[in-house]
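Peer 1:
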Amino acid sequence: MNPDRIDRILVTSTWHTFPVDTECCGGDIYDPGCPGRLALDRIGDRWTVLIVGILESGTHRFSQLRDAVGGITPKVLTQTLRAMERDGLVTRTVYAEVPPRVEYCLTDLGRSLAVPIAAIRTWAIDNMANFTEAPSS
Numbered sequence: 180m181n182p183d184r185i186d187r188i189l190v191t192s193t194w195h196t197f198p199v200d201t202e203c204c205g206g207d208i209y210d211p212g213c214p215g216r217l218a219l220d221r222i223g224d225r226w227t228v229l230i231v232g233i234l235e236s237g238t239h240r241f242s243q244l245r246d247a248v249g250g251i252t253p254k255v256l257t258q259t260l261r262a263m264e265r266d267g268l269v270t271r272t273v274y275a276e277v278p279p280r281v282e283y284c285l286t287d288l289g290r291s292l293a294v295p296i297a298a299i300r301t302w303a304i305d306n307m308a309n310f311t312e313a314p315s316s
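Numbering (the numbering used here), first residue to last: 180 to 316.
This is the structure in structure tokens:
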């Protein structure tokens, strides 16, 4: 973050993590109430993996993310970014400018997720020839 712009930041999101009691489900991610299952639900949605992959290269504005993630609507991008912010994967910074400028970047937790996502991306590229569209019914 540019130190000259700190006085112009309107809002930066901060989320706090709390210790999770894994005894409730014994660490069984197949249990719908398990906190680990919630994490898998977040990263298993259609857009989170793509957004983390893009933000891995640095801070982006909403329009840059929309352009980089082909096929996503502004509404769905907003919903996904809000969920990622709530889950502690991204930080949203709003600058007090006209028009307002909003930037998104990965948190430490989000950056830790970028590592396995990069491996999945490599696997997908290496194996894309093995995937075909499902036949029409």
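All residues carry an ideal CB built from backbone N, CA and C; glycine is no exception.
1) From Y283 to T272, what does the alpha carbon distance come to, in whole angstroms?
2) From which residue to which residue does the beta strand (DSSP E) around V281 run?
3) Return the residue from the list V248, P253, G237, R245 that minimises the CA-CA distance to R290.
4) Looking only at its chain, what residues have a beta carbon closer than 8 Å to the beta carbon of H195, apart from the 5 residues adjacent to it on each side?
5) Spatial neighbours of V228 within its chain, please: C-beta separation below 6 Å, excluding the five flanking residues on both sides.
6) Indicate the three-state DSSP secondary structure (helix, strand or coil) for N306 in the structure shown.
7) Check whether the segment 235–252 touches the segment 204–216, counting contact only when three or more Cβ pairs, one atom from each stretch, lie closer than 8 Å.
8) Starting from the N-terminal side, write out each stretch of the beta strand (DSSP E) that is 3 residues or longer and does not extend beyond the segment 204–244.
9) Would you mind reading off the limits of the beta strand (DSSP E) that contains T272?
10) Does the separation of the CB atoms of V277 and F241 fall below 9 Å?
11) What do you get for L260, buried or exposed, if any count of 16 or more other CB atoms within 10 angstroms of its CB means buried?
Peer 2: Answer, in terms of the structure:
1) 6 Å
2) 280–285
3) G237
4) Model confidence at H195 stands at a pLDDT of 48, short of 50, so the residue's coordinates are unreliable; what they give is reported in the following sentence. The answer is none, since no qualifying residue turns up.
5) Here the set comprises I296.
6) It is helical.
7) no
8) none
9) Element bounds for T272: 269–274.
10) no
11) Of the other Cβ atoms in all chains shown, 16 or more fall within 10 Å of the Cβ of L260; this residue is therefore buried.
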